[in-house]
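Protein chains: 4
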Amino acid sequence: MGQKLRVAVLGATGYSGLELTRILLRHPRVERPALLRRPNTASAADSEKSDSNLADIFPALYGNGGYPMEPFSWTSLKHNGVDLLFLATPHEVSRELVPQAAAQGMRVIDLSGAWRLKQAKHRTIYNFPDDESVTAAEVTEKAVYGLPELNADKLAGASVVANPGCYATTIILALAPIVRAQLANLDKGIVADAKSGVSGAGKKPTSRTHFVSVADNLSAYSVFAHRHLGEIAEQLQIDADDITFTPHLLPIPRGILSTIYVQFNRPMQAAEVQDCYQSFYRSKPFVRVFSSPRLPEIQFSLNTNYCDLGFCLAPDGRRLVIVSCEDNLIKGAAGQAVQNMNVMHGWQEEEGLL
Amino acid sequence: MGQKLRVAVLGATGYSGLELTRILLRHPRVERPALLRRPNTASAADSEKSDSNLADIFPALYGNGGYPMEPFSWTSLKHNGVDLLFLATPHEVSRELVPQAAAQGMRVIDLSGAWRLKQAKHRTIYNFPDDESVTAAEVTEKAVYGLPELNADKLAGASVVANPGCYATTIILALAPIVRAQLANLDKGIVADAKSGVSGAGKKPTSRTHFVSVADNLSAYSVFAHRHLGEIAEQLQIDADDITFTPHLLPIPRGILSTIYVQFNRPMQAAEVQDCYQSFYRSKPFVRVFSSPRLPEIQFSLNTNYCDLGFCLAPDGRRLVIVSCEDNLIKGAAGQAVQNMNVMHGWQEEEGLL
Amino acid sequence: MGQKLRVAVLGATGYSGLELTRILLRHPRVERPALLRRPNTASAADSEKSDSNLADIFPALYGNGGYPMEPFSWTSLKHNGVDLLFLATPHEVSRELVPQAAAQGMRVIDLSGAWRLKQAKHRTIYNFPDDESVTAAEVTEKAVYGLPELNADKLAGASVVANPGCYATTIILALAPIVRAQLANLDKGIVADAKSGVSGAGKKPTSRTHFVSVADNLSAYSVFAHRHLGEIAEQLQIDADDITFTPHLLPIPRGILSTIYVQFNRPMQAAEVQDCYQSFYRSKPFVRVFSSPRLPEIQFSLNTNYCDLGFCLAPDGRRLVIVSCEDNLIKGAAGQAVQNMNVMHGWQEEEGLL
Amino acid sequence: MGQKLRVAVLGATGYSGLELTRILLRHPRVERPALLRRPNTASAADSEKSDSNLADIFPALYGNGGYPMEPFSWTSLKHNGVDLLFLATPHEVSRELVPQAAAQGMRVIDLSGAWRLKQAKHRTIYNFPDDESVTAAEVTEKAVYGLPELNADKLAGASVVANPGCYATTIILALAPIVRAQLANLDKGIVADAKSGVSGAGKKPTSRTHFVSVADNLSAYSVFAHRHLGEIAEQLQIDADDITFTPHLLPIPRGILSTIYVQFNRPMQAAEVQDCYQSFYRSKPFVRVFSSPRLPEIQFSLNTNYCDLGFCLAPDGRRLVIVSCEDNLIKGAAGQAVQNMNVMHGWQEEEGLL
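Residue numbers (numbering that gives the first Met the number 0), protein chains in the order written: chain Y, 0 to 353; chain W, 0 to 353; chain R, 0 to 353; chain H, 0 to 353.
Structural data, given as structure tokens:
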């Protein structure tokens, strides 16, 4: 198997970072990852200095000597021969660190939304203070949107990988076969009604993530104003107004189910649609296409890197309902990041992910 | 206040029947309701003979001498001077009993789907064996769809009230102001993505209602094939193909949130939409219209008879997302039945419901 | 019915305060309560100044013109003829305000732990800075522990009522009949294993109340160190070391179930035990004694002011397991406060609580 | 690594059987397990004939060609060279099949309670119709109680392994260090207050496992009458009356937390107790002893084979509260079965379990 890859994780104390660490610890091709404490960046002064061991934050990791965390510095990363840096950090932090990584010649997989968007109009929602800078333009150009099912060819040589958003993954994978085959009647509009578990809202305690606010409840939020809309439109090469995307907060810890409504240009047969999906994802190990009218549920893909797709066609042959499920922390974040690493290095796409 | 109304409940052992009993027990205008054991009808031989007291089934009712159940018979109902019969029974049972009630001259409010549909094409999904009979045609004609916000005038003299479906209530109330004002572009299609708590699936234990199947999960079901679609189309006077309705099973005991997507014929202002809703529901005590962009959540209407409505308008002014919430056992069933009773008798609509 | 009582609530923005407000709004003997914004006390500078309407904090209260909040001042309370003040405030705040109320001659029901303990050794866990003061001694002496089932006679003339802790209520009510009849072998030790829903931990968002921390979990906390231990011991007149009390955090919004283990001095018959409980609580409307071996569950008492008791006796006749349930926000807080108000004023104990 | 072991699983369609199948599929020392359909035994005529593929029952297994199930027969098991049979079957079925396996010379690990108890008085609760038979006596004698932390030496040569009950595992492991060191004052009585997720109640839908019955609830059951009491007493070599064991049903899918109360013969120091636990479990990879007063929670051991132990000592040094957690389907069932297999074959105890 040769030399193992040396990797480091910044942000292991968040939900995605923890999952990422767990997957990397089991991955046969990488060394035990270095876990880094967040630096004092301009945008994020609330460093994690006091956390000396990941097991203190996540007692599920108790035992085995623990998981000591190290201070972050480019010098020590270089000194330790780290080949690949994972950023599981807020987008403000990633916005600062990715250009530094590029300048250091270090490959990076960024789980935040900092570098996913190519078009300036879609980035306005983030209000990046550096968006006009030359460096930002350079990094934006070289960053590859890390959805391996669509962009595997660009990932091989990538130095900056922008890992997709959790909602965006379920929606793009559900729509790509239909939209790329130009079967969708965009004039009628697409609806993506998405529901996510609470880990998607992050680990910070807020009144919104308080147990009493979430339990026995369901709520819609960020209607017409969610950050993932831009990446969905860009990857599907459609206008953002052609799709209405509504996220909801589910009373479960993890998992996403997106129900997607699209209309066809002409009446279709269920078998045609089935074929369209199955041929599109034939050699893609992490997309499971269910046989219509069987539909995936959130439980089926929990704790896996699968995105599960199923659909029902209306009797009129013109309206399609697609159900798309994933574990938001795995296929929607950490697992996909590792899948990207695998593709970048020419390894088997499933390595360390089954 | 005069003489109190004598009422009876058949089906108090189900979730809706229990809520109905609780509300009637507090209602200032009705006598303590007679609780009836289900008869041995042709369609439902699994009678509830063994249940002698409702508190044995629902220990939350423990104390106060209990709630004894009586055998069902038309003779004894007449003998006891019962004025109004509530049926919280499966639709097969209601299909048999409502014509009998009509023949006896007894007013009835039926919580099932047995008599909600006027158009034969919408009834095919129920496969009623008696659908061609003269009696069925007569009862169908006289039955009033018991959504008091739309049909208050017909309720006054009604002898048979078909209480609406839980999903249908949230969707019809959300769409009526827009559709009746002919603002909706039906050609673009309407989407109603609805999510319900498990009590909506009934009390019978099945693998689908097992805690382990529901918890930490979300699933879509009956896509393009749910029974409530017909009543939605009939009440909105639209074609059933103009609306795509997808129900989902939420990991919560009760409550419904429907997210509804409609496109306008012309660009609208948020204030126009707000005004459309507020004027439509001005004198309707059980519809709360939220000020956009504030949206209702399931928790807000739990244990109340409210249907809560809120909306967001797209920046393009053409796409509207409406969020509609209710407690499926109250406004979606038992509370609405009592509201119908109030309107039928000319009492205050809120009587016993606040 | 005569003149209605004028009451005010300080702390309506907390979970207990909200429940209290809801109950008082329905209470036939009190005026619509004044809702007060918390003052800038020395100990609690995070006043609720910005909250002008309770419906903004709890949108479930939407409609009906809202629930405006007023600034707190003794002058305006007096001016408005307020007869009784409810404090649903942190114990530090109550520690400051109750002596002021006493000085003003205003009766007060305090839901916090500030004035529940008579014995100095039990109060050390609170670290009250004023515990040695003359005023504190005076208020401590006059404060009545507001468990109406045990202390109804003292409540009639009380000017300061210390409303019991939620856990303490379930445990004291479960043990009082046995302990007062001197049936318990205290030398063997009593165990109270208690489990509470998350609302008991308060509304403040913390990592402990984050949905992802609580869901799919159970945890014990404050073992041998919970504040309610002292009031349990005092009310049962036993040594605190005679009882081991362990609270747990349940993944539910509300409700407490305490499982209590006690050994008898001599072998008993189940019928004797049943009789002991039933005669003790014969005229107590809010304690429901289940017939052994039937046991209460948390659901049975939710949204009610009941404390439900059930028990199982070991075949050896010496070991008793008692199960005690309540809604922590009602019988464990707001409902009990109103029950205390009813008893203080010589009204029916159930007034406004059924 | 040599030849892999050939194993078969009967009962893969249950929750424990599914977990077992998943673990065996990943185990480096065993062939892909044969999945057997349940035979028509006298006691269990409801065979699983119709289930041809495990993925039809658990769609989470979708893909990878599925998991076909084979009819059960001793002939075909022998023919296929199966070395070890796992029974994840009801105890009635295991009671019939284990003697047959013994007669065939096939080693078996039985996950049911059929063969755990040595003493006739503890078996009466099961009402085994064959309990007086010679065969039953023989199998009982040779069956090893498969708790590897206590019985590793007997497992090596075992032909019949009775896998422990889920509750029993948490309680025995929590108490063994104290009881074996004769530190416990048994005269004062031990209390084990245990709480389990719903998967412990099995997959069969009942009114007790209905989502609406479990959610927002907690209930105690089988007080003084749970089947696991006998095995706890036997393994700890104490009298069953020395321990009071109360199970509760938690509103979570999986996981057990047992809170255990024991009194010491003499005052102890926390360090002594810590030392007692740590030395007892020093070389046991699947028991994690937390440093007092840190306590385990259910989440920490979910999806692992760990039993987590933590404790708090009373200030008086005489009362100990132990908290013991596990995943009931893993350390409480399937994982422990695989751990037993590992120990039986002299493999590393952790093989396939990390």
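Beta carbons are placed, not taken as given, at the ideal position from N, Cα and C, and that holds for glycine. Quantities reported herein were computed from a predicted structural model and do not represent experimental measurements.
- About 47 Å separates the beta carbons of S75(W) and E296(Y), which is beyond the 8 Å limit, so they are not a contact pair.
- The beta-bridge partner set that DSSP reports for R36(H) consists of P70(H).
- For the options K3(W), L19(W), L4(W), the alpha carbon positioned closest to that of G10(W) is the one of L19(W).
- Using a Cβ-Cβ cut-off of 8 Å, R287(W) is close to Y61, G62 of chain R, given in chain order.
- The beta carbon of S218(H) does not come within 8 Å of any beta carbon belonging to chain W, so the residue lies off that interface.
- Within the segment 184 to 211 of chain W, contact with chain H at the beta-carbon level (separation under 9 Å) is assigned to G196, V197, S198, A200, K202, K203, P204, T205, S206, R207, T208, H209, F210, V211.
- Counting C-beta pairs closer than 8 Å gives three or more between the segment 299 to 309 of chain R and the segment 330 to 340 of chain R, which meets the contact rule.
- In the pairwise beta carbon analysis, the segment 279 to 289 of chain Y is classified as not touching the segment 245 to 261 of chain Y: fewer than three pairs are separated by under 8 Å.
- About 7 Å separates the Cβ atoms of S290(Y) and Q273(Y), confirming a contact at the 8 Å cut-off.
- For D240(W), the nearest beta carbon of chain Y is closer than 8 Å to its own beta carbon.
- Of all residues in the segment 321 to 332 of chain H, none comes within less than 9 Å of chain W when Cβ atoms are compared.
- Annotation: D274(R) has no Cβ neighbours in chain W at a cutoff of 8 Å; minimum Cβ distance is about 18 Å.
- For L83(Y), the secondary structure class from DSSP, reduced to helix, strand or coil, is strand.
- Exclusion of the five residues before and after R25(H) leaves G351 as the residues of its chain whose Cβ lies within less than 7 Å of its Cβ.
- Against D152(W), chain H offers no close residue; the least beta-carbon distance is about 37 Å (beta-carbon pairs closer than 8 Å).
- A direct Cα-to-Cα measurement between L35(H) and S93(H) gives close to 14 Å.
- When secondary structure is reduced to three states using DSSP, D130(R) falls in the coil class, being assigned neither helix nor strand.
- Taking the beta carbon of F299(W) as reference, the chain R residues within 7 Å of it are P58, A59, Y61, listed in sequence order.
- The beta carbons of V81(Y) and V159(Y) sit no closer together than 8 Å.
- Sequence-distant partners of K187(Y) (beyond 5 residues in either direction) whose C-beta falls short of 6 Å from its own C-beta, in its chain, are Q262.
- Contact between the segment 236 to 247 of chain R and the segment 207 to 215 of chain R is absent, with fewer than three C-beta pairs closer than 8 Å.
- By the criterion of a C-beta distance shorter than 6 Å, C324(R) is surrounded in its chain by L256, P295, I297, S300, D307, once the five residues flanking it on both sides are discounted.
- A straight line joining the alpha-carbon of G199(W) with that of H225(W) spans about 13 Å.
- Contact with chain R is absent for F263(H), since none of that chain's Cβ atoms lies less than 8 Å from the residue's Cβ.
- Burial check for Q338(W): the Cβ neighbour count within 10 Å reaches 16 or more, so the residue is buried.
- Residues of chain H with a Cβ closer than 8 Å to the Cβ of V29(R) do not exist, since the nearest Cβ in that chain sits about 30 Å away.
- Under DSSP, D307(W) forms a beta bridge with R287(W), C324(W).
- Looking at the DSSP output, Y144(Y) bridges to A161(Y).
- Within its own chain, no residue has a Cβ closer than 6 Å to the Cβ of H78(W) once the five positions on either side in sequence are excluded.
- The segment 313 to 320 of chain H makes no contact with the segment 338 to 347 of chain H: fewer than 3 CB pairs, one atom from each, lie closer than 8 Å.
- Uninterrupted alpha helix (DSSP H) stretches at least 4 residues long and entirely within the segment 84 to 128 of chain H occur at 90 to 103, 119 to 122, given in chain order.
- In the DSSP assignment, T20(H) falls within the unbroken alpha helix (DSSP H) covering 14 to 25.
- Per DSSP, the unbroken beta strand (DSSP E) holding F244(R) starts and ends at 242 to 248.
- At a Cβ-Cβ threshold of 8 Å, I231(H) and I177(H) do not count as neighbours.
- Looking from the CA of V222(Y), the closest CA among S278(W), R293(W), E271(W) belongs to R293(W).
- Measuring C-alpha to C-alpha distances from D241(Y) to each of V8(Y), Y66(Y), A183(Y), P250(Y) identifies A183(Y) as the nearest.
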